[in-house]
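Contents: one structure, followed by commentary.
There are 2 protein chains.
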Amino acid sequence: MMTQQVEKWGTAELTLEGPAEGNPFIDIEWGASFKHRHRVVNVDGFYDGDGEYKVRFMPDAEGEWTYTTHSNVSALNAQSGSFECTAAQGDNHGPVRVFQTYHFVYEDDTSYFPIGTTCYVWNHQGEALETQTLETLKSAPFNKMRMCVFPKHYTFNKNEPEHHAFETLEDGSFDFERFNPAFFQHLEHRIGDLRDLGIEADLILFHPYDRWGYSTMPPEVDDRYLRYLVARLAAYRNVWWSMANEYDLMRAKTMQDWDRFFRIVQTYDPHQHLRSVHNCREFYDHNKPWVTHCSIQHGDLAQVNAWREQYRKPVVVDECAYEGNIQHDWGNITAQELTRRFWEGFSLGGYVGHGETYLDPDDILWWSKGGVLHGQSPDRIAFLRKIIEAGALVDPIEATWDLKQSGGDGYRLIYFGIHRPGFKEIPLPEEHDYTIEIIDTWEMTIKQLEGTFSGRARVELPGTPYIALRIHQVD
Amino acid sequence: MMTQQVEKWGTAELTLEGPAEGNPFIDIEWGASFKHRHRVVNVDGFYDGDGEYKVRFMPDAEGEWTYTTHSNVSALNAQSGSFECTAAQGDNHGPVRVFQTYHFVYEDDTSYFPIGTTCYVWNHQGEALETQTLETLKSAPFNKMRMCVFPKHYTFNKNEPEHHAFETLEDGSFDFERFNPAFFQHLEHRIGDLRDLGIEADLILFHPYDRWGYSTMPPEVDDRYLRYLVARLAAYRNVWWSMANEYDLMRAKTMQDWDRFFRIVQTYDPHQHLRSVHNCREFYDHNKPWVTHCSIQHGDLAQVNAWREQYRKPVVVDECAYEGNIQHDWGNITAQELTRRFWEGFSLGGYVGHGETYLDPDDILWWSKGGVLHGQSPDRIAFLRKIIEAGALVDPIEATWDLKQSGGDGYRLIYFGIHRPGFKEIPLPEEHDYTIEIIDTWEMTIKQLEGTFSGRARVELPGTPYIALRIHQVD
Chain A
1 MMTQQVEKWG TAELTLEGPA EGNPFIDIEW GASFKHRHRV VNVDGFYDGD GEYKVRFMPD
61 AEGEWTYTTH SNVSALNAQS GSFECTAAQG DNHGPVRVFQ TYHFVYEDDT SYFPIGTTCY
121 VWNHQGEALE TQTLETLKSA PFNKMRMCVF PKHYTFNKNE PEHHAFETLE DGSFDFERFN
181 PAFFQHLEHR IGDLRDLGIE ADLILFHPYD RWGYSTMPPE VDDRYLRYLV ARLAAYRNVW
241 WSMANEYDLM RAKTMQDWDR FFRIVQTYDP HQHLRSVHNC REFYDHNKPW VTHCSIQHGD
301 LAQVNAWREQ YRKPVVVDEC AYEGNIQHDW GNITAQELTR RFWEGFSLGG YVGHGETYLD
361 PDDILWWSKG GVLHGQSPDR IAFLRKIIEA GALVDPIEAT WDLKQSGGDG YRLIYFGIHR
421 PGFKEIPLPE EHDYTIEIID TWEMTIKQLE GTFSGRARVE LPGTPYIALR IHQVD
Chain B
1 MMTQQVEKWG TAELTLEGPA EGNPFIDIEW GASFKHRHRV VNVDGFYDGD GEYKVRFMPD
61 AEGEWTYTTH SNVSALNAQS GSFECTAAQG DNHGPVRVFQ TYHFVYEDDT SYFPIGTTCY
121 VWNHQGEALE TQTLETLKSA PFNKMRMCVF PKHYTFNKNE PEHHAFETLE DGSFDFERFN
181 PAFFQHLEHR IGDLRDLGIE ADLILFHPYD RWGYSTMPPE VDDRYLRYLV ARLAAYRNVW
241 WSMANEYDLM RAKTMQDWDR FFRIVQTYDP HQHLRSVHNC REFYDHNKPW VTHCSIQHGD
301 LAQVNAWREQ YRKPVVVDEC AYEGNIQHDW GNITAQELTR RFWEGFSLGG YVGHGETYLD
361 PDDILWWSKG GVLHGQSPDR IAFLRKIIEA GALVDPIEAT WDLKQSGGDG YRLIYFGIHR
421 PGFKEIPLPE EHDYTIEIID TWEMTIKQLE GTFSGRARVE LPGTPYIALR IHQVD
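These protein sequences, in sequence, are chains A and B. Position 153 of the first sequence, counted from 1, bears residue number 153 in my numbering, the numbering being contiguous throughout. Position 238 of the second sequence, counted from 1, bears residue number 238 in my numbering, the numbering being contiguous throughout.
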């Protein structure tokens with residue numbers, strides 16, 4: 001039965017015994033209505049194998065919730081009960097939502113600035129490596145992880161995964177009408193691990209790098225898979241739905257398919273987690289109403305403002321090339337360059353994602369398998385994260401042809417990137433006084449200039465690349 | 001009278017005495033027809049002050065040339081004579097022409113790859129500094145100089161020039177109906193100095209940075225100035241006509257003005273020197289028939305191929321930002337970054353220009369005043385020049401999503417820029433053998449790999465930025 005007490009934004013789970021014969025994945029309809037005061041939320045349940053039927057729910061309000069099940073079989077129908085939703089504890093700030101058009105926030109109003117990384121299929125690497133990845137994440141600066149539901153077939157990624165999403169027939173092919181609960185249980189387990197580390201799981205529902213058939217399933221299987229996944233995972237507060245990695249490389253899918261996938265997830269997710277889709281070359285139209293934020297692959301972060309203007313949504317450039325030295329240009333930039341892209345993106349009011357692709361004798365590259373980090377950018381990203389979290393939301397304040405300033409109330413951030421002026425004149429409002437700090441984003445130093453500044457302030461600069469200014473209003 | 005012997009592509013000059021009263025710049029029409037075998041070329045003459053009238057001509061064929069003058073005053077009319085055009089001597093290869101759509105060549109078929117620099121108003125700095133600039137150029141790698149006819153008013157450029165192009169009235173204003181011959185004599189002198197160093201003078205006819213009125217002259221003055229300049233300078237083989245620096249910032253001019261300027265120069269230049277115009281933001285339409293090559297300000301050299309395709313003319317990116325540390329982003333990139341832009345542009349079949357803008361206590365910045373070079377890019381540009389001159393013309397050969405190759409017959413150049421692959425697979429034709437050299441474009445080293453390569457060649461690379469490959473077919 002249902003747990004009697006569930007933390008706010010925790011996962012309430014109800015398990016009932018039901019029929020194991022036939023095909024429960026297809027034959028059985030089952031779900032529950034959860035009620036709190038005047039509000040009723042309908043939630044799909046799912047079959048978890050061995051005659052067990054589950055429904056999960058993430059309560060978002062403290063107090064008593066009641067529920068009633070519904071099903072086309074009597075064993076699962078019209079069961080009811082209640083549970084108590086208690087206060088959120090510790091680092092539980094609820095799911096992440098869009099905030100002030102271009103930003104994010106936890107549902108309890110705690111600040112959330114996505115600092116993402118990418119380990120596409122870390123969850124398909126077996127216990128030892130997966131544990132190592134989680135250990136690495138404990139001290140890494142990342143609070144969002146891009147990861148795939150399905151395994152990956154690609155250079156450096158030829159290993160067979162432990163689990164598959166469907167029952168495997170004797171001839172080795174999949175029975176697309178029967179999910180493999182062990183596959184999804186493992187996925188949930190890892191999403192829960194991330195949640196416990198304070199990391200959002202930016203979950204990639206489809207991707208093109210496939211030798212098993214996951215990228216070319218028939219529409220009815222795609223749709224059933226999506227509803228099953230949503231039923232299982234929507235009650236995890238740290239889930240984001242990414243329809244695809246590089247959707248535009250999936251030749252078997254049309255734009256109508258992608259629109260339909262979005263609408264399915266939007267319709268059946270009772271908790272309305274964030275939704276986006278990631279491109280290779282051609283952006284999906286992020287203006288469509290079911291897209292909550294932009295998920296962008298692009299190397300030119302100078303365009304962040306143009307994308308903000310175009311889509312009027314948060315801009316997450318979760319792939320801008322990775323620190324590494326592999327043969328492909330998307331995976332062989334320096335730590336300096338990746339750090340530069342982070343600073344450029346963040347200082348323009350966007351959000352940038354990390355990845356690491358160093359050649360490895362065992363083909364364990366962080367970007368897909370996790371493991372340990374080898375690069376020099378994570379320390380700099382941690383430094384940036386501290387600065388971002390200590391500041392206000394970053395939006396454009398004013399720009400001349402020669403200087404872009406961003407920031408918020410009484411707070412400005414200016415980043416010079418590869419440029420290395422020996423001095424710069426910063427136009428500040430005449431009516432206030434400001435302190436100015438010179439930040440060396442690579443050396444990770446912050447030096448406050450003596451005195452305060454007002455009006456057109458001439459700032460002497462070190463004349464080296466990768467310098468930023470942080471400016472605070474003091475009166 | 002006329003010199004009796006003139007070297008091919010040298011300057012023949014005929015001087016006649018004529019009226020000094022009235023306004024010879026306006027009142028007198030004067031010129032000559034030069035004839036060699038079946039060919040007649042009509043050339044404008046010009047008034048050089050003190051009752052002296054000159055006509056200049058650059059013969060392009062050896063043997064006897066005859067001439068006859070024509071004028072609306074009898075003293076200058078119907079004078080005739082002849083001179084002998086002798087073989088070109090030494091480093092005289094004639095003027096530069098467009099070659100094979102995207103490239104250049106001297107008229108005697110000697111290779112010419114433009115390696116330009118910029119000293120906008122070096123010719124307005126007085127004898128000492130101008131001499132120093134010429135001394136610097138002797139050992140610099142540059143064979144093209146962007147320079148203005150008119151002086152410049154801008155940051156770091158507030159000094160008054162020695163000469164002005166027009167006669168100055170008592171109230172300090174210009175008499176736009178009377179040129180100042182001393183101004184033009186000095187300009188010619190400097191263009192001749194460059195010629196003697198083997199440097200093309202990419203002469204900028206208008207620019208917006210002005211406090212004297214040169215940028216806002218009435219149309220009839222603009223047009224008279226252009227005809228006067230062409231009459232004086234077209235016989236210098238090293239002249240290129242650049243209608244403007246940043247034409248799109250000159251608010252007093254319309255697109256019709258620019259088109260007219262081109263047509264005037266095209267009509268009256270008997271030697272048809274190269275013609276282009278330089279933008280700030282908006283490109284002039286280089287497809288127009290009077291444009292011989294693209295002159296581009298842009299920082300993204302990856303677009304060279306797109307511009308080649310769009311305009312089907314040589315692409316000269318003569319301003320891609322300068323090595324330096326001034327406050328403006330166009331003048332504060334590192335030597336590494338400028339060298340990278342050079343390599344990217346050249347390896348894609350374009351041509352890139354240099355400039356240097358280091359803060360200086362006396363405001364002597366190479367980019368506008370000349371003087372001496374302080375930066376680290378010129379040595380690397382010299383290294384690149386040797387490689388370019390030792391190779392074939394560079395055009396795109398083949399590209400995959402992950403690798404661009406350029407080059408010509410049996411010759412390939414590949415540049416990785418900021419990317420630093422630990423290895424790369426290079427698709428080479430199966431039917432030939434190739435040698436491969438690894439070039440560190442910053443350290444200026446060339447290392448030939450052992451053996452030869454054919455078909456899909458795996459090349460181990462140092463995994464550092466700024467690496468190029470040079471590939472030669474050996475059978």
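Cβ coordinates follow ideal geometry from the N, Cα and C atoms, glycine included.
Count the other CB atoms within 10 Å of the CB of residue i; is the residue buried (16 or more) or exposed (fewer)?
| i | result |
| --- | --- |
| T267(B) | exposed |
| N23(B) | exposed |
| Q100(A) | exposed |
| A244(A) | buried |
| M255(B) | exposed |
| R340(A) | buried |
| I26(A) | exposed |
| T118(A) | buried |
| G172(A) | exposed |
| G90(A) | exposed |
In angstroms with no decimal places, state the Cα-to-Cα distance between residue i and residue j.
| i | j | result |
| --- | --- | --- |
| M145(B) | D222(B) | 23 Å |
| V73(B) | Q79(B) | 12 Å |
| H286(B) | F262(B) | 11 Å |
| F453(A) | L393(A) | 22 Å |
| W343(B) | C320(B) | 12 Å |
| E356(B) | P421(A) | 13 Å |
| R412(B) | R380(B) | 20 Å |
| K447(B) | L137(B) | 30 Å |
| E62(A) | Q327(A) | 53 Å |
| A390(B) | R312(B) | 25 Å |
| A457(B) | P361(A) | 21 Å |
| E170(A) | G51(A) | 23 Å |
| T66(A) | W9(A) | 16 Å |
Among the options, whose alpha-carbon lies nearest the alpha-carbon of residue i?
| i | options | result |
| --- | --- | --- |
| D210(B) | G18(B), M250(B) and I115(B) | M250(B) |
| G408(A) | F346(A), V372(A), P361(A) and P59(A) | F346(A) |
| E29(A) | F416(A), E220(A), Y351(A) and G45(A) | G45(A) |
| L348(A) | H374(A), I191(A), P378(A) and V315(A) | V315(A) |
| W122(B) | G94(B), E160(B) and E107(B) | E160(B) |
| T3(B) | F57(B), V41(B) and H38(B) | F57(B) |
| G198(A) | H153(A), H103(A) and P95(A) | P95(A) |
| N42(B) | D48(B), G31(B) and V98(B) | G31(B) |
| A20(A) | V6(A), T11(A), R39(A) and D48(A) | D48(A) |
| L537(A) | N325(A), E337(A) and Y236(A) | Residue 537(A) is absent from the model: chain A starts at 1 and stops at 475. |
Classify residue i as helix, strand or coil using the three-state DSSP reduction.
| i | result |
| --- | --- |
| M2(B) | coil |
| H103(B) | strand |
| S125(A) | The residue you asked about is not Ser; residue 125(A) is Gln in the sequence shown. Note: Q125(A) maps to coil in three-state DSSP. |
| K35(B) | strand |
| L413(B) | strand |
| N238(A) | coil |
| A87(A) | coil |
| W401(A) | coil |
| L137(B) | helix |
| H328(A) | coil |
| A457(A) | strand |
| Q376(A) | coil |
| K386(A) | helix |
| D50(A) | coil |
My assumption, with CB atoms under 8 Å, is that residue i sits in contact with residue j. Please give the rounded CB distance.
| i | j | result |
| --- | --- | --- |
| D269(A) | A302(A) | Actually they do not touch by this definition, with Cβ atoms about 34 Å apart. |
| V149(B) | L205(B) | 6 Å |
| H354(B) | V98(B) | So it is not a contact: roughly 22 Å between Cβ atoms. |
Does the beta carbon of residue i fall short of 8 Å from some heavy atom of the ligand COA?
| i | result |
| --- | --- |
| N42(B) | Ligands in the displayed structure: none, and consequently the ligand COA is not present. |
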